[in-house]
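Student: Take a look at this one; I'll ask things after.
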Ligand SMILES: Nc1ncnc2c1ncn2[C@@H]1O[C@H](COP(=O)(O)OP(=O)(O)OP(=O)(O)O)[C@@H](O)[C@H]1O
Ligand SMILES: [Mg+2]
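Quick look at the structure:
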């Protein structure tokens, strides 16, 4: 379907062009393609198949009428740091060397985009096709100065890297954080990406990450989104996995006015494995939309997805999981499951599994379930003196555990558990 | 302890309890027997505060309070305990966490502080021993994957932990092997005191060999149609419900 064009894209371009620094790490060809794509296709509205339940054009028109792009500087992030992790800080899309920990570990290389050499620059945009999605195009045209993080061959990081994306403005703004993460052959790393929004103004964060998981490498990745009522975000992860590589992501979304996650994983070589887990809680008028793509290109790969949502008030949750098994991808195992609890009559969940299978020797399955809180269990708890509120908490906690237990960094897990319980 | 007067309860249009009268004093054990579908579990559920049932008439005074005015959790906090005929499985909620929450909410209701973790664990150990419950079960999710007998034993364990004033045991004996039956009975007898009371709903005399009732009531078609001493249970065991059914049918005509 051809989405109806709107002038939102042009307005955004006009408003932020003047204040944006010229992006010098993306080649001109890509930049002009990105702008052209935006001008032609615009920001997607709900007529666009992939944004059916997520009318971002409409949200822009309503919530971002006056983008002023007056960004706050941020001087202290101590309270957000994890004790046992190396912290990298990105403020309003730009890597902040002064707020970040020094990476003095062997085999770990961090280079700001502006300092990349010519060959390294080619990595930027090599997974994210500017002509595939408006937000990739938008990020490409106005990308912040992110970084390339490389874990060298055979290097196994013992300490997680915590990347903190802070956005802050006191009036409407749009920021475009971006990074490239690369794990060499046999490398292993745990990366935590956390998004917060701390100003008094609404900020639209259009995040883009390209992740390369090398041969027999293992990337364990956590995405923690807790942007509050001023945070609007589209988060695109383009991941590619090489032979025997493994990619695990767990995304926990506790708040945010709009959170759209595009998690696209290419299982591009034999014997690789990907796991995507998600937990989201939405309330008020929030919208959380998880779109995933498992693109099985080669034989003997496995993918697994588990998404759980707790949806209350008038909020909306979306899970759209596409599994694409190409004709060469024999012996694929692909599983997907989406489970949701609706806590109010006005809450909505839209789930859509999309299986496109072109190989014949595959095992694929998907399941979705949506229900309310189990009143029989609530009564059992009540009958033991546990009040309604605590009973609900115990049961929702139990529901969420399957995902929260995937988090292997204890400090992060405890932090998320605490915040999760407060959200209920 | 509890006075039930002319209690009527329905579900939808169907009246299930049709005027129950019962008085239970501290220190007593009452057995309720009666054929399937007569309303025994309904009575237990109505007392515990299950909202599926509508009380259409009558009152229940529990230690001076109007029980029917209280929410289910407050009834439990006031000291009422129901051992479920069909205990509920709650995946993901550990037995320990469940009990800790229950115990502390009951304490909070009475203005007491949370029980220190050490004391709590000691209590768990003590009560586990009393009902010979496998320690592994306490760390698992509530009733999840428990065998029928383990679930029943877990109910008694919970009862022992919460130390209620009035415990209603709904067919806790069904599905128990002889050893388990003895253990459950030992548990009840150990908890029994002058300050508390028990209602034992059962189909079989064999439980009453271990837990000797002061009174036996027969619930039939939503009413208590006969009450007597412990010999009534023996009589039923010998004769079955035929006589009562006949009496009732002739009344209907
Ligand atoms: N939720 C319900 N909807 C409709 N009817 C119900 C419901 N719950 C109970 N009943 C009916 O009420 C009657 C009494 O049921 P109850 O479970 O109280 O019997 P009981 O005496 O405990 O029987 P048993 O000895 O088999 O446990 C039965 O006829 C049952 O079918
Ligand atoms: Mg029953």
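Residue numbers (my numbering), protein chains in the order written: chain B, 1 to 424; chain Z, 1001 to 1253. Ideal Cβ positions, reconstructed from N, Cα and C, are used throughout, including at glycine.
Let me know the secondary structure DSSP gives residue 1046 (chain Z) once reduced to three states.
Tutor: Three-state result, residue 1046 (chain Z): helix.
Student: In terms of alpha-carbon separation, which member of B:352, B:136, B:22, B:135 lies closest to residue 322 (chain B)?
Tutor: Nearest of B:352, B:136, B:22, B:135 to residue 322 (chain B), Cα basis: B:352.
Student: Consider the C-beta atom of residue 365 (chain B) and the heavy atoms of ligand 1; say whether any pair is separated by less than 7 Å.
Tutor: No, ligand 1 has no heavy atom inside 7 Å of this Cβ.
Student: Would you give the residue range spanned by the alpha helix (DSSP H) that residue 399 (chain B) belongs to?
Tutor: Per DSSP, residue 399 (chain B) belongs to the alpha helix (DSSP H) from 388-404.
Student: Who are the Cβ neighbours of residue 1042 (chain Z) in its own chain at under 7 Å, not counting the five residues just before and after it?
Tutor: Closer than 7 Å at Cβ, skipping near neighbours: 1009, 1016, 1017, 1053.
Student: Find the residues of chain Z that neighbour residue 401 (chain B), judging by a C-beta separation of less than 7 Å, and give them in chain order.
Tutor: Residues of chain Z passing the Cβ test: 1092.
Student: According to DSSP, simplified to helix, strand and coil, what is residue 198 (chain B)?
Tutor: Residue state, collapsed to three classes: coil.
Student: Can we count residue 1085 (chain Z) as close to ligand 1, meaning its CB is less than 7 Å from some heavy atom?
Tutor: Yes, ligand 1 has a heavy atom inside 7 Å of this Cβ.
Student: Would you say residue 1255 (chain Z) touches ligand 2, meaning its beta carbon is less than 7 Å from a heavy atom?
Tutor: Since the first and last residues shown for chain Z are 1001 and 1253, residue 1255 (chain Z) lies out of range.
Student: Does the stretch 43-52 of chain B come within contact of the stretch 117-131 of chain B, defined as at least 3 CB pairs closer than 8 Å?
Tutor: No, the stretch 43-52 of chain B does not touch the stretch 117-131 of chain B.
Student: Can a CB atom of chain B be found closer than 8 Å to the CB of residue 1077 (chain Z)?
Tutor: It does; some Cβ of chain B falls within 8 Å.
Student: Inspect the beta-carbon positions of residue 278 (chain B) and residue 403 (chain B) and report whether they are closer than 8 Å.
Tutor: A contact, by the Cβ cut-off of 8 Å.
Student: Check whether the Cβ of residue 1171 (chain Z) lies closer than 7 Å to any heavy atom of ligand 2, and answer yes or no.
Tutor: True, at least one ligand heavy atom lies under 7 Å from that Cβ.
Student: Give me, in chain order, the residues of the same chain whose beta-carbon lies closer than 6 Å to that of residue 1 (chain B); leave out the 5 immediate sequence neighbours on both sides.
Tutor: Interpretation of residue 1 (chain B) is limited by its pLDDT of 44, a score under 50 that renders its predicted location unreliable; the figure taken from the coordinates is listed afterwards. The residues are 49.
Student: Please list the terminal residues of the continuous alpha helix (DSSP H) segment that includes residue 12 (chain B).
Tutor: Run containing residue 12 (chain B): 8-17, per the alpha helix (DSSP H) assignment.
Student: Can you list, in chain order, the residues of its chain with a C-beta nearer than 7 Å to that of residue 1005 (chain Z)? Leave out the 5 residues immediately preceding and following it.
Tutor: If we look at residue 1005 (chain Z) and ignore the five residues flanking it on each side, its Cβ neighbours are 1021, 1058, 1059.
Student: According to DSSP, simplified to helix, strand and coil, what is residue 313 (chain B)?
Tutor: DSSP places residue 313 (chain B) in coil when its eight states are reduced to three.
Student: Kindly indicate the opening and closing residues of the beta strand (DSSP E) around residue 145 (chain B).
Tutor: Looking at the DSSP string, residue 145 (chain B) is not in any beta strand (DSSP E), and its letter there is neither H nor E.
Student: Which partner residues does residue 1226 (chain Z) have in the DSSP bridge list?
Tutor: Answer is Z:1218.
Student: So, at 7 Å on beta carbons, what are the nonlocal neighbours of residue 33 (chain B) in its own chain, with the 5 sequence-adjacent residues on each side left out?
Tutor: Closer than 7 Å at the Cβ level, and outside the excluded window around residue 33 (chain B), lie 130, 131.
Student: Please list, in chain order, the chain B residues whose beta carbon lies closer than 9 Å to that of residue 1105 (chain Z).
Tutor: The contacting residues are 384, 385, 386, 387, 390.
Student: Cβ-heavy atom distance between residue 1013 (chain Z) and ligand 1 below 7 Å?
Tutor: No; taking the cut-off as 7 Å, the Cβ of residue 1013 (chain Z) has no heavy atom of ligand 1 nearer than that.
Student: Mind listing the chain B neighbours of residue 1050 (chain Z)? Cutoff is C-beta to C-beta under 7 Å, in chain order.
Tutor: Ordered by position in chain B, the residues that pass the 7 Å Cβ test against residue 1050 (chain Z) are 379.
Student: Are the C-beta atoms of residue 89 (chain B) and some chain Z residue less than 8 Å apart?
Tutor: Not one chain Z Cβ lies under 8 Å of residue 89 (chain B).
Student: Mind checking if residue 417 (chain B) is an interface residue toward chain Z, Cβ cutoff 8 Å exclusive?
Tutor: No, because no Cβ of chain Z sits closer than 8 Å to the Cβ of residue 417 (chain B).
Student: Can you tell me whether residue 3 (chain B) is helix, strand or coil according to DSSP?
Tutor: Caution applies to residue 3 (chain B), whose pLDDT of 49 falls short of 50 and renders its modelled position unreliable; the value that the coordinates give is listed next. DSSP places residue 3 (chain B) in coil when its eight states are reduced to three.
Student: Taking only heavy atoms of ligand 3 into account, decide whether any of them is closer than 7 Å to the Cβ of residue 1003 (chain Z).
Tutor: With respect to ligand 3, the structure shown offers nothing to examine, as its ligands consist of ligand 1 and ligand 2.
Student: By the criterion of Cβ-Cβ separation under 9 Å, what are the contact partners of residue 395 (chain B) in chain Z?
Tutor: Correct list: 1090, 1092, 1093.
Student: Taking residue 1195 (chain Z) as the reference, give the member of Z:1080, Z:1219, Z:1152, Z:1074 with the closest Cα.
Tutor: Among Z:1080, Z:1219, Z:1152, Z:1074, the Cα nearest to that of residue 1195 (chain Z) belongs to Z:1080.
Student: Leaving out five residues on either side along the sequence, give the residues of the same chain with a beta carbon under 6 Å from the beta carbon of residue 246 (chain B).
Tutor: 218, 273.
Student: Are residue 255 (chain B) and residue 285 (chain B) touching if we call contact CB-CB under 8 Å?
Tutor: The answer is no: Cβ separation not under 8 Å.
Student: Residues in its own chain within less than 6 Å of residue 1099 (chain Z) by CB, not counting five upstream and five downstream?
Tutor: Here the set comprises 1161.
Student: Would you report the Cα separation of residue 366 (chain B) and residue 337 (chain B), rounded to the nearest angstrom?
Tutor: Approximately 5 Å between the Cα atoms of the pair.
Student: Could you tell me the alpha carbon to alpha carbon distance between residue 3 (chain B) and residue 64 (chain B), rounded to whole angstroms?
Tutor: Model confidence at residue 3 (chain B) stands at a pLDDT of 49, short of 50, so the residue's coordinates are unreliable and nothing is read from them.
Student: Using a Cβ-Cβ cut-off of 7 Å (strictly less than) and excluding sequence neighbours within five positions of residue 135 (chain B), which residues of its own chain qualify?
Tutor: These residues qualify, in order along the chain: 206, 234, 236.
Student: Taking the continuous beta strand (DSSP E) assigned at residue 78 (chain B), which residues delimit it?
Tutor: That residue, residue 78 (chain B), is in no beta strand (DSSP E); it is neither H nor E in DSSP.
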